Amino acid sequence: MKIATWNVNSLRARADRVEAFLQRSDVDVLALQETKCKDDNFPWDLFENSGYEVAHYGLNQWNGVAIASRVGLHDVERTFPGQPTFGKGDKEPEQEARAIGATCGGVRVWSLYVPNGRSLGDPHMPYKIEWLDVLRAQATGWLQADPEAQVALVGDWNIAPRDEDVWDIEMFLREGYTHVSEPERQAFRAFEEAGYSDVVRPLHPGPGVYTYWDYTQLRFPKKEGMRIDFVLASPALAGRVTGAQIDREERKGKGASDHAPVIVELD
DNA sequence: ATGGTCGCGAGGCGA
165 MKIATWNVNS LRARADRVEA FLQRSDVDVL ALQETKCKDD NFPWDLFENS
215 GYEVAHYGLN QWNGVAIASR VGLHDVERTF PGQPTFGKGD KEPEQEARAI
265 GATCGGVRVW SLYVPNGRSL GDPHMPYKIE WLDVLRAQAT GWLQADPEAQ
315 VALVGDWNIA PRDEDVWDIE MFLREGYTHV SEPERQAFRA FEEAGYSDVV
365 RPLHPGPGVY TYWDYTQLRF PKKEGMRIDF VLASPALAGR VTGAQIDREE
415 RKGKGASDHA PVIVELD
């Protein structure tokens with residue numbers, strides 16, 4: 165069985181690439197982030213024609229997450245329990261379409277688009293940390309209820325957990341960039357302390373291994389990227405991993421997302 | 001050079 169995660173940065177703009185990816189990658193489950201649409205303009209036919217069921221959670225032109233599967237798609241949850249909302253100005257706090265879960269081939273898969281944080285002093289940063297804290301508390305509970313649970317927390321985590329996960333850590337720290345701050349890294353480490361592990365890193369150690377390259381500044385040809393897309397697996401699932409790939413080729417050419425797909429193979 | 005790139009959706013915001 166193969167599971168992939170990919171921040172597509174608009175599903176409609178990437179429809180041809182997503183269809184081609186499904187054709188060549190042979191994945192059984194594809195978790196998507198940043199579909200950037202609501203159900204009304206979601207490309208349902210793309211998945212049906214490719215032989216996949218799909219579940220989507222999209223509220224507007226921002227965010228949006230989906231799971232496509234050809235090994236079953238059951239017990240779909242849109243938002244995880246207690247998922248924090250964000251209040252814009254003096255308006256009512258609103259839920260954002262950043263998490264969808266489904267059971268596919270016996271694995272509980274969560275497609276996650278972690279809040280960006282924007283900047284260290286921005287209200288979106290405490291929102292990001294709380295969002296992660298609540299998710300980690302839930303994910304901890306799932307393992308306490310069943311230590312053998314097969315859970316995959318996959319997606320765009322918007323965190324570079326280690327110095328090697330960005331191309332120039334000195335610059336990131338000097339400039340006070342997000343994604344590398346201690347609170348963000350601690351929030352990520354808490355998942356590892358809860359028993360979830362990054363199953364791709366052991367197979368593709370850094371430095372220089374990235375999943376995201378900014379569109380500006382020629383970041384991709386200059387190999388200046390970030391590793392921020394992860395597959396975190398529960399212990400029982402991690403024990404099944406036999407291979408992994410970061411599809412760097414997908415970042416090439418016209419019409420690429422700024423993120424590459426991350427693929428994990430299970431026995 | 002006060003920019004550079006995308007996508008959404010039709011001006012500016014978010015990444």
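Just so we're aligned, residue 165 is where the first sequence starts under the numbering used here, counting upward by one.
Every residue gets a Cβ at the ideal spot worked out from N, C-alpha and C, and that includes glycine.
Keep in mind that this is a model prediction, so the values were computed, not measured.
Are the region 227-245 and the region 196-204 in contact at 8 Å, needing three or more beta carbon pairs? In short, these stretches touch, since the Cβ pair count reaches three.
Report buried or exposed for D310, applying the criterion of at least 16 other Cβ atoms within 10 angstroms of its Cβ. Counting of Cβ neighbours within 10 angstroms places D310 among the exposed residues, the total staying below 16.
From V405 to A177, what does the alpha carbon distance come to, in whole angstroms? In this structure, the alpha-carbon of V405 lies about 32 Å from that of A177.
At a cut of 8 Å, does the region 271-279 reach the region 308-325 through at least three beta carbon pairs? In the pairwise beta carbon analysis, the region 271-279 is classified as touching the region 308-325: at least three pairs are separated by under 8 Å.
Nearest neighbour of A424, chosen from D180, Q302 and F185 [CA to CA]: That would be F185, whose Cα lies nearest to the Cα of A424.
Determine the contact status of V193 and R242, defining contact as a CB-CB distance below 9 Å. No, they are not a contact pair.
By DSSP, does A301 sit in helix, in strand, or in coil? If DSSP states are grouped into helix, strand and coil, A301 belongs with the helices.
Excluding the 5 residues flanking G154 on each side, which residues of the same chain have their C-beta closer than 7 Å to its C-beta? Nothing in the structure corresponds to residue 154, since the chain is present only between 165 and 431.
Exposed unless 16 or more other CB atoms sit within 10 angstroms - verdict on G407: The residue is exposed, with fewer than 16 neighbouring Cβ atoms inside 10 Å.
Pick helix, strand or coil for Y291, following the three-state DSSP scheme. If DSSP states are grouped into helix, strand and coil, Y291 belongs with the helices.
Using only CA atoms, which one of D431, D332 and S421 lies nearest to G400? The residue asked about is misnamed: residue 400 is Ala in this sequence, not Gly. The residue with the shortest Cα to Cα distance from A400 is D431.
Continuous alpha helix (DSSP H) assignments of at least 4 residues falling wholly in the region 335-422: Those alpha helix (DSSP H) runs which fall completely within the region 335-422 and span 4+ residues are 346-357 and 399-402.
Output the distance between the C-alpha atoms of P371 and W331, rounded to the nearest integer angstrom. Annotation: P371 to W331 spans about 8 Å, alpha carbon to alpha carbon.
Pairwise C-alpha distance: W170 and E429: Taking the straight line joining both Cα atoms gives about 15 Å.
So what's I323 in DSSP terms, helix, strand or just coil? Under the three-state reduction of DSSP output, I323 falls in the coil class, being neither helix nor strand.
Straight-line CA distance for A219 to K386? Computed Cα separation, rounded: 36 Å.
Span separating the alpha-carbon of Q302 from that of P245: Looking at the two C-alpha atoms, the distance is approximately 7 Å.
State yes or no: is the C-beta of Y374 within less than 9 Å of the C-beta of A397? No, the pair does not count as a contact, with Cβ atoms beyond the cut-off.
Please report how far the alpha carbon of E339 lies from the alpha carbon of N213, in whole angstroms. Each residue's alpha carbon lies about 47 Å from the other.
Just to confirm the assignment, what range does the alpha helix (DSSP H) spanning E183 have? Looking at the DSSP string, the run of the alpha helix (DSSP H) that includes E183 is A179 to S189.
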